[in-house]
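Per mature numbering (1 follows the signal peptide of the UniProt record, and there is no 0): the sequence shown = residues -20 to -1, 1 to 529.
Presented below is the structure to which this report refers.
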Amino acid sequence: MGAVLWILLLCLWAATGVQGEDPYLFFEWNITYGTAAPLGVPQQVILINGQFPGPNINSTTNNNIVINMFNNLDEPFLITWSGIQHRKNSWQDGVAGTNCPIAPGTNYTYHFQVKDQIGSYIYYPALGMQRGAGGFGGLRVNSRLLIPVPYADPADDYTVILNDWWTKSHSTLKKILDSGRSIGRPAGVLINGKVAKGDGKDEPLFTMEPGKTYKYRICNTGLKTSLNFRIQGHKMLLVEMEGSHTVQNSYESLDVHVSQCYAVLVTADQTPKDYYMVASTRFQRKEMTTTGIIRYTNGKGPASPELPPAPVGWAWSLNQFRTFRWNLTASAARPNPQGSYHYGAINITRTIKLANSASKVNGKLRYAINGVSHVDTPTPLKLAEYFQIPDKVFKYNVIGDEPSSSNQEVIRQPIVLNMTFRTFIEIIFENHETAIQSWHLDGYSFFAVAIEAGTWTPEKRKNYNLLDAVSRHTIQVFPKSWAAILLTFDNAGMWNIRSEIWERHYLGQQLYASVISPARSLRDEYNIPDYALLCGDVVNLPKPPPYTI
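As structure tokens, then:
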């Protein structure tokens, strides 16, 4: 979209805003390469407006977010907004199955509304292994002033971006995967793009005034590694998780799995001086730990070199998951309590079991779901469906609702599952491998009702939390374990269900859920934007008749 059209859109949106529409936030982002050395090795990174990590988006419930994004890279680019539900609007999801990439030297304008949402989220590049070079950041959605939150206003609101890091470029990581190998273990861990040296000269990432309480939004934007986070000498009171207020339990440390976000309150109740934030890798043979400085205002003295240890074993992490509970009495983005939606009383109409696996296809490593390894197509799946040419691009339901036999040869093709609009569905993520998994669903929040070791059977439903499981969008699955989620597929569009272990995602561990409203009405789904990028087989095709009310 050119600069003139961008100015015209600004004028149009400003004019409509005067008529009582929800507020607009406008951003202009320039995506460029830069050089950084977070682990001491100079390397190419991806910057947004010269920043690494990228800028923090600070919004409020129901805000319209408009981001004009200029791709100054030498490769296509897309950003996805993890956890933002894009009600009726998968056109703004920013993944390869719904959007054409932004070509080098061009720009595209994302326009989405954080409708009826609050909470802590992230954004990151969706193509290739670009996520391993930067281009990620935090996206917060504050509650409207008229909607009370279940805690006093903090003195300040901080975003903590955690991620594993490789000293190889993202293009090199992609070549490694394309050659059929794994990218292996990271070279280190970063907190907000940095590593404290511990020499007494580190500048603080955050400051706290003695006696006051602060909110920290802790998110893992890494490629594959679960990270444990803790703050030296301080307890963390969990208050929100991926868009839901939680029962307020106190923790000494939190396991933050890939693409998960937690919001905690921390009170500056210790001796005024410096303290370390600590992040350590989990579930790896060799633990890697990094630190960042929190400084008390007017504090005297460096942080103690004695760091609080990380927990040991995945059973500890599983037990922590079981302590997470939805706050049923808190209001969310609307004045009604979160617990007014009694999901446990709804009949399950369909059970889908998704089993991940690793195997070789033509001698190269691939990851699969129920025996099929997903392949992105030149024509985005959503465009093919909207322009009514799906048969030219993909077939529906190439996997079944049950995993294939373990000895079946893995095939490579697009995976699209038909989901009946507004039906209540149970999804079981089965992990028969020894590596931890992290699964995410775009466009929705789901109820994370159970994680258990062993094999799922229908009798396991008696162990589900059907009262106050947290509504969230990402769930971990421990080795040789399973996880169960419940949700209503009521958001029409084409939505990505993916592994957040990014090498797995890149090598096929993802699929798309097609949710079509039979009414084909604007009440259920927006029309394709006039400025949408077109590519593949839909170029030059006439647009189908638009949806109407």
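Just so it is clear, CB atoms sit at the ideal spot from N, CA and C, and this is done for glycine as well.
All figures in this text were calculated on a predicted structure; none of them were measured in a lab.
- Under the Cβ criterion (8 Å, minimum of three pairs), the stretch 297 to 314 counts as touching the stretch 436 to 450.
- In the three-state DSSP reduction, A290 falls in the coil class, being neither helix nor strand.
- Here D249 is exposed. Its C-beta has fewer than 16 other C-beta atoms within 10 Å.
- Within the stretch 231 to 308, the complete beta strand (DSSP E) segments of 3 residues or longer fall at 234 to 236, 241 to 247, 254 to 261 and 269 to 276, listed in chain order.
- About 5 Å separates the beta carbon of T78 from that of M474, a gap short enough to meet the 8 Å contact definition.
- Residue environment for Q368: exposed (fewer than 16 other C-beta atoms within 10 angstroms of its C-beta).
- Distance from the Cα of R67 is smallest, within the candidate group G178, I59, N42 and N87, for N42.
- Partner residues in the beta bridge of W145, as assigned by DSSP, are G168.
- Between Y104 and L119, the beta carbon gap of about 10 Å keeps them out of contact (Cβ cut-off 8 Å).
- Excluding its 5 nearest sequence neighbours in each direction, I465 has C-beta neighbours in its own chain below 7 Å: I407, F426, F427, A428, V429 and I455, listed in chain order.
- Using a 10 angstroms sphere on the CB of G281, the tally of other CB atoms stays under 16, which defines it as exposed.
- For the options G99, Q24, G85 and V25, the alpha carbon positioned closest to that of W61 is the one of G99.
- The continuous beta strand (DSSP E) containing T400 extends over residues V396 to T400.
- Looking only at H453, K442, H214 and E410, the smallest Cα-Cα distance to A433 is reached by E410.
- Between the stretch 41 to 57 and the stretch 9 to 16 there are three or more C-beta pairs closer than 8 Å, enough to call the two in contact.
- For I28, DSSP records a beta bridge to I11 and Q31.
- Using a 10 angstroms sphere on the CB of P360, the tally of other CB atoms reaches 16 or more, which defines it as buried.
- Excluding residues up to 5 positions away in sequence, G74, V75, A76, N79, P81, I82, P105, A106 and L107 lie with their Cβ nearer than 8 Å to the Cβ of L58 in the same chain.
- By the 16-neighbour rule on beta-carbons within 10 angstroms, R503 is exposed.
- Excluding its 5 nearest sequence neighbours in each direction, N398 has C-beta neighbours in its own chain below 7 Å: Y376, N377 and S494, listed in chain order.
- The residue among M268, Y131, L153 and G178 with its C-alpha nearest the C-alpha of N229 is Y131.
- In the structure shown, the three-state DSSP call for E483 is helix.
- Runs of the beta strand (DSSP E) lying entirely within the stretch 48 to 85, each at least 3 residues long, are 59 to 62 in chain order.
- Contact check for A348 against G160 fails: the beta carbons are separated by 8 Å or more.
- Spatial neighbours of N445 in its own chain (CB-CB distance under 6 Å, excluding positions within 5 residues in sequence) are listed in chain order as V429.
- Measuring C-alpha to C-alpha distances from A472 to each of P509, I496 and R484 identifies I496 as the nearest.
- Take P317, set aside five residues on each side of it, and the residues of its chain with a beta-carbon closer than 8 Å to its own are L308, T309, A310 and S311, in chain order.
- Counting every other CB atom within 10 Å of its CB across the protein chains shown gives S39 a total of 16 or more, marking it as buried.
- The alpha-carbon of P22 is positioned some 6 Å away from that of T15.
- About 25 Å separates the beta carbons of T226 and V169, which is beyond the 8 Å limit, so they are not a contact pair.
- For K177 and W71, the gap between their C-alpha atoms comes out near 43 Å.
- Proximity to P35 across E480, V457 and I141 peaks at I141, based on C-alpha coordinates.
- Out of V46, D182, L203 and I395, the CA that lies nearest to the CA of F116 is found in L203.
- The beta carbon of I529 sits closer than 8 Å to those of S501, L502 and R503, all from its chain and outside the five residues before and after it, given in chain order.
- DSSP places I102 within a strand segment (E or B) once states are collapsed to three.
- Between the stretch 314 to 333 and the stretch 284 to 292 there are fewer than three C-beta pairs closer than 8 Å, too few to call the two in contact.
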